[in-house]
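Take a look at the structure set out below.
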Amino acid sequence: MKLNRNFLLHTVNSETVLVPTGEAGFSGVVRGNKTLGAILELLKTDITEREIVAALQARFDAPQGAVEKDVSKALAELKKIGAIDD
Amino acid sequence: MTDTYRLAELNITVSSLYDEVHRLCRDYLSPEPKADFKVVTTQTDIDFEREKSAREDEAEGRPVQKFTDGYLETLAVYRKIAEKLPKYDAFLFHGSCIAVNGEGYIFTAKSGTGKSTHTRLWRELLGNRAVMVNDDKPLIRVSEAGATVYGTPWDGKHRLSSNISAPLKALCILQRAPDNSIYQITAAEAYPMLLQQVYRPYDGEAMKKTLDLIDRLASSVKLWRLNCNTDIRAAKIAYDAMKG
Numbered sequence: 013m014k015l016n017r018n019f020l021l022h023t024v025n026s027e028t029v030l031v032p033t034g035e036a037g038f039s040g041v042v043r044g045n046k047t048l049g050a051i052l053e054l055l056k057t058d059i060t061e062r063e064i065v066a067a068l069q070a071r072f073d074a075p076q077g078a079v080e081k082d083v084s085k086a087l088a089e090l091k092k093i094g095a096i097d098d
Numbered sequence: 153m154t155d156t157y158r159l160a161e162l163n164i165t166v167s168s169l170y171d172e173v174h175r176l177c178r179d180y181l182s183p184e185p186k187a188d189f190k191v192v193t194t195q196t197d198i199d200f201e202r203e204k205s206a207r208e209d210e211a212e213g214r215p216v217q218k219f220t221d222g223y224l225e226t227l228a229v230y231r232k233i234a235e236k237l238p239k240y241d242a243f244l245f246h247g248s249c250i251a252v253n254g255e256g257y258i259f260t261a262k263s264g265t266g267k268s269t270h271t272r273l274w275r276e277l278l279g280n281r282a283v284m285v286n287d288d289k290p291l292i293r294v295s296e297a298g299a300t301v302y303g304t305p306w307d308g309k310h311r312l313s314s315n316i317s318a319p320l321k322a323l324c325i326l327q328r329a330p331d332n333s334i335y336q337i338t339a340a341e342a343y344p345m346l347l348q349q350v351y352r353p354y355d356g357e358a359m360k361k362t363l364d365l366i367d368r369l370a371s372s373v374k375l376w377r378l379n380c381n382t383d384i385r386a387a388k389i390a391y392d393a394m395k396g
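Printed below as a string of structure tokens:
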């Protein structure tokens, strides 16, 4: 999966925000925590959910299962607004 | 019909199917026929605006409004212009902009919050010193020297605008409140609203450039948050703080 081309990542004061172009069906702006920022950065290139989880586990010190849950939830939300191409 | 207009210091040739857009833009005719760029509308563009408007009405739970092709074409022309502006360091911004003593103040908020009501209070408070630049969709151009705001004929339901420009002194996010208060905010605090209120091009490169321009805007003007009611004292507290 990969970030849809109609969604752009932009960094504002070290926070990553996801901004849709006019072409995207979604008109809001997505802001999130550091984990979401990292997921969005990883989605710039084609990647699987398992690879995202592995990359985040290597980066963040989180309890077992927490990363999987966060990634699954974030991806579901991003898919809902059309921000991810499978 | 084809004619050339000057908007935000750019000469733009508009070629349309209906003459309504040319009536709308008549105060902005360019003295030069040579254009920086040209926009041409088709029936497909008009149909796109009709469908978009209907979708928005449905999303808001309103009855679908009927518009003439001529009116919808005015929207299509501004959209086509807005798509090209980032290349020239300019963008369309949703807000009510007023100039006082030659300096621009722009108020932005979600539709229905009271932007136009607030700038009307400024006109009541300041009289002839206050001139409406544009009540709805001004253009902003960002240069090394700072941000400049420009009047355009796409000026909202009250038809308030002037063919003038002003250096932008401040941008204020407005929200309704029982009592009036104003305070300066950081670019990070303003950013979500700035991104909501800027025209978002369909073209990815133009969108990237727009984000860059918003960054430059946020670092070149003072940003404020105003909690206000509709009493004229709201205008006084805002002007006294923002004039510096």
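Just so you know, the sequences run in chain order A and B. According to the working numbering, the first sequence is numbered sequentially starting from 13. According to the working numbering, the second sequence is numbered sequentially starting from 153. For every residue, glycine included, the Cβ atom is placed at its ideal position computed from N, Cα and C. Computed from a predicted structure; not experimentally measured.
Handout entry: Span separating the alpha-carbon of B:K321 from that of B:G256
Key = One-based indexing of the second sequence puts residue 321 of chain B at position 169. One-based indexing of the second sequence puts residue 256 of chain B at position 104. Computed Cα separation, rounded: 5 Å.
Problem - Beta-carbon proximity list for B:Y180, same chain, < 8 Å, skipping 5 on both sides - result: Here residue 180 of chain B refers to the residue found at position 28 when the second sequence is read from its first residue. Within the same chain, B:Y180 has close Cβ partners Y157, R158, L159, T304, P305 and N315.
Practice task
Would you identify the three-state DSSP class for B:M153, choosing helix, strand or coil?
Solution key: As a working note, residue 153 of chain B is residue 1 in the second sequence. Coil at B:M153, not helix or strand.
Problem - B:A113 versus B:L323: straight-line alpha-carbon distance, rounded - result: The question about residue 113 of chain B has no answer here: the residues shown for chain B are numbered 153 through 396.
Practice task
Assign B:P185 to one of two classes, buried (16 or more other C-beta atoms within 10 Å of its C-beta) or exposed (fewer than that).
Solution key: Within the second sequence, numbered from 1, the residue matching residue 185 of chain B stands at position 33. B:P185 comes out exposed.
Practice task
Report the option in B:V192, B:L273, B:V373 and B:P290 whose CA atom is closest to the CA atom of B:Y170.
Solution key: As a position in the second sequence, residue 170 of chain B is number 18, starting the count at 1. That would be B:V192, whose Cα lies nearest to the Cα of B:Y170.
Handout entry: A:A86 beta carbon less than 8 Å from that of A:I51
Key = Taking the first sequence and counting its residues from 1, the one referred to as residue 51 of chain A is at position 39. Taking the first sequence and counting its residues from 1, the one referred to as residue 86 of chain A is at position 74. Yes, the pair counts as a contact, with Cβ atoms nearer than the cut-off.
Handout entry: Residue-chain proximity (B:K360, chain A), Cβ-Cβ < 8 Å
Key = The residue labelled residue 360 of chain B in the question sits at position 208 within the second sequence. With a threshold of 8 Å between beta carbons, B:K360 makes contact with chain A.
Practice task
Report buried or exposed for B:L335, applying the criterion of at least 16 other Cβ atoms within 10 angstroms of its Cβ.
Solution key: Along the second sequence, one-based indexing puts residue 335 of chain B at 183. Checking the sequence, you will find Tyr at residue 335 of chain B rather than Leu. Exposed: under 16 other Cβ atoms inside 10 Å.
Exercise for the section: Output the residue ranges of the beta strand (DSSP E) runs that lie fully inside the region 20-95 of chain A and measure 3 residues or longer, sorted by chain position. Expected result: List check, beta strand (DSSP E) in window: 27-32.
Practice task
With a 10 Å radius around its C-beta and 16 neighbouring C-beta atoms as the bar for buried, classify B:R231 as buried or exposed.
Solution key: In the second sequence, the residue the question calls residue 231 of chain B occupies position 79. Counting of Cβ neighbours within 10 angstroms places B:R231 among the buried residues, the total reaching 16 or more.
Practice task
Please state whether DSSP places B:S205 in a helix, a strand or coil.
Solution key: To locate residue 205 of chain B, count along the second sequence from 1; it is residue 53. Note: B:S205 maps to helix in three-state DSSP.
Practice task
Buried or exposed for B:H310, please, with buried defined as at least 16 other CB atoms from any protein chain shown within 10 angstroms of its CB.
Solution key: Numbered from its first residue, the second sequence carries residue 310 of chain B at position 158. That one is exposed.
Handout entry: Three-pair Cβ contact test at 8 Å for the region 243-257 of chain B versus the region 349-356 of chain B
Key = Segments in contact, yes.
Handout entry: Segment limits, alpha helix (DSSP H) that includes B:G256
Key = The count along the second sequence starts at 1 and reaches residue 256 of chain B at position 104. Element bounds for B:G256: not the alpha helix (DSSP H) but the beta strand (DSSP E), E255 to T260.
Practice task
Quick one: give me the first and last residue of the beta strand (DSSP E) that B:S333 is part of.
Solution key: As a working note, residue 333 of chain B is residue 181 in the second sequence. Taken as a continuous stretch (DSSP letters only), the beta strand (DSSP E) holding B:S333 covers S333 to Q336.
Practice task
Under 7 Å between beta-carbons, which chain B residues line up against A:E35? List them in chain order, please.
Solution key: As a working note, residue 35 of chain A is residue 23 in the first sequence. Within chain B, the residues near A:E35 are Y354.
Exercise for the section: Helix, strand or coil for B:L159, going by three-state DSSP, please let me know. Expected result: In the second sequence, counting from the first residue as 1, residue 159 of chain B sits at position 7. Three-state DSSP puts B:L159 in a strand.
Practice task
Step through the CB atoms of chain B and report whether any lies within less than 8 Å of the CB of A:N16.
Solution key: On the first sequence, residue 16 of chain A is found 4 positions in, with the first residue counted as 1. It does not: the Cβ of A:N16 has no partner Cβ on chain B nearer than 8 Å.
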